[in-house]
Amino acid sequence: MSIQEEVREFFRGLYYEIVEDEKAQVILLDGEPIASACIEHGSHDVFDLSCPHVRDLLKKIGYF
């Protein structure tokens, strides 16, 4: 399975989008992550990118 198949664009609006994989979900505002959640820790604080599941998802979409 390729990386593109693992990441799903859940929603795309005019200014923000929601992307997810099997372990995390991230809300991006103008391409910058502002909120996230994962299966292990639940919802994270705003702008908290320290979770390994969230960081892996951001790497998959090319943020890092």
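Read left to right, the sequence shown gives residues -10 to 53 (my numbering).
Glycine residues also receive a C-beta, built at the ideal position from the N, C-alpha and C atoms.
Would you mind working out which of the options sits nearest residue i, comparing C-alpha positions?
| i | options | result |
| --- | --- | --- |
| Leu17 | Val35, Ser39 and His42 | Val35 |
| Ile28 | Glu9, Phe(-1) and Leu3 | Glu9 |
| Tyr4 | Arg(-3), Ile23, Ala13 and Gln14 | Ile23 |
| His30 | Gly51, Ala13 and Phe0 | Ala13 |
Measuring only the C-alpha atoms, how far is residue i from residue j?
| i | j | result |
| --- | --- | --- |
| Ile7 | Cys40 | 17 Å |
| Glu21 | Gly51 | 11 Å |
With DSSP collapsed to three states, give me the class of residue i.
| i | result |
| --- | --- |
| Val35 | coil |
When we look at the beta-carbon of residue i and count the other beta-carbons within 10 Å, is it buried (16 or more) or exposed?
| i | result |
| --- | --- |
| Leu70 | Here the chain has residues from -10 to 53 only, and residue 70 is not among them. |
| Ser25 | buried |
For residue i versus residue j, is the C-beta distance shorter than 8 Å?
| i | j | result |
| --- | --- | --- |
| Glu11 | Lys49 | no |
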